[in-house]
Amino acid sequence: MYFFRTRNFAFENSAVTTNLISQVRNQLDASPTPRHLVEFVAKQLSAAGFTDCTDTNSPGGYLSSGFIKRSGSIVAWRLGSEKIEKFRIIGAHTDSPCLKIKPHPNESRFGWQTLQVEIYGSPLLNSWLDRDLGVAGHAVLRDGSVKLFCTATPIARISQLAIHLDRELNERGLILDKQLHLSAAWATGEKSLDFLQWVASQIDVKPEQI
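Note that the numbering used here has the sequence shown beginning at -17, numbered continuously upward.
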């Protein structure tokens, strides 16, 4: 599971707002995780006439353009109509630095329900503080199927310590302990919440099915 930062701004209609910018925005909004990006790209390729060869062992038997997707990766190809003398390979990664929610994230301290996270890549940690955070990811069910989900609204926040509790901050600079200072608050109260149950409710299954 991944946290992602929700976008709270919009471009106004102007000369700057081109069709390309709109396409990039749509891709970013639809791709909070690598698997979401792969599904988005697969739909774009299908609309452009590429054949989905994911469930076949002989992709070469299809037309000259197709794609195969595996988890958070996708490979697409297009052959020319003439004799092949050379070929070009273009690659890009589908992942990005982020905060991942740990497999057993539930934590309760002093009336705050928090989720423990781990660092993926090399994100600027301070940029995740005091931001509205949504959750996106995928759940693997007992039957082998995979369900993607993404919250429509923010559900968590990683708060920075108030200045009067850390008066040397401006002189020393912000120092964050990855294990202590990045837990995301998502509820209050003494009753402990279960993240797995919450995920199950998002994809309309029972927790034991995951």
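Beta carbons: idealized from backbone N, C-alpha and C, even for Gly. In this text, all values refer to a predicted model and were calculated from it rather than measured experimentally.
Close beta carbons around residue i, own chain, < 7 Å, minus the five adjacent residues each side
i	result
Pro41	Interpretation of Pro41 is limited by its pLDDT of 49, a score under 50 that renders its predicted location unreliable; the figure taken from the coordinates is listed afterwards. Cys35, Gly48, Ile50, listed in sequence order.
Glu100	Lys82, Lys84
Leu156	Asn108
His18	Ala12, Ala118, Leu130, Cys132
Leu10	none
Arg60	Ser46, Ser47
Residue i versus the options, residue with shortest Cα-Cα distance
i	options	result
Asn8	Phe(-15), Phe22, Leu158	Phe22
Ser53	Phe131, Val20, Trp110, Thr133	Val20
Phe(-15)	Phe69, Phe131, Glu89	Phe131
Ser127	Leu106, Ile185, Arg60	Ile185
Leu230	Thr38, Phe32, Asp159	As displayed, the chain neither begins before -17 nor continues past 192, which places residue 230 out of reach and without an answer.
Met(-17)	Leu27, Cys80, Gln26	Cys80
Ser28	Pro105, Ile56, Ile3	Ile56
Lys160	Pro105, Arg154, Arg113	Pro105
Pro136	Leu158, Ala30, Arg113	Arg113
Cβ-based neighbour list, residue i, same chain, cut-off 8 Å, excluding 5 preceding and 5 following
i	result
Ile192	Ala121, Val122, Leu123, Arg124, Leu178, Val181, Ala182
Glu64	none
Glu196	Because the chain here runs from -17 to 192, residue 196 falls outside it and cannot be looked at.
Thr0	none
Val187	Ala121, Leu123, Lys129
Beta-carbon gap between residue i and residue j smaller than 7 Å
i	j	result
Leu256	Ala138	No answer is possible for residue 256: it lies beyond the span of the chain, which begins at -17 and ends at 192.
Leu175	Gln98	no
Pro14	Ala118	yes
Thr170	Gly103	no
Ile140	Leu111	yes
Other residues of its chain near residue i: CB distance less than 6 Å, five sequence neighbours each side excluded
i	result
Pro16	Gly54, Thr76, Asp77
- Ignoring anything shorter than 4 residues or poking outside the region 164 to 190, list the alpha helix (DSSP H) runs there in chain order. 177 to 184
- Query: Should the region 65 to 78 be regarded as contacting the region 163 to 176, the criterion being three or more beta carbon pairs within less than 8 Å?
  - Reply: no
- Three or more C-beta pairs below 8 Å linking the region 143 to 159 and the region 86 to 93: no
- Message: Just to confirm the assignment: which complete beta strand (DSSP E) runs, minimum length 3, are found wholly within the region 40 to 97?
- Response: 47 to 52, 55 to 60, 80 to 91
- Message: Ignoring anything shorter than 4 residues, give me the alpha helix (DSSP H) runs that lie fully in the region 102 to 165, in order along the chain.
- Response: Annotation: the region 102 to 165 contains the following complete segments of the alpha helix (DSSP H) (minimum length 4 residues), in chain order: 151 to 154.
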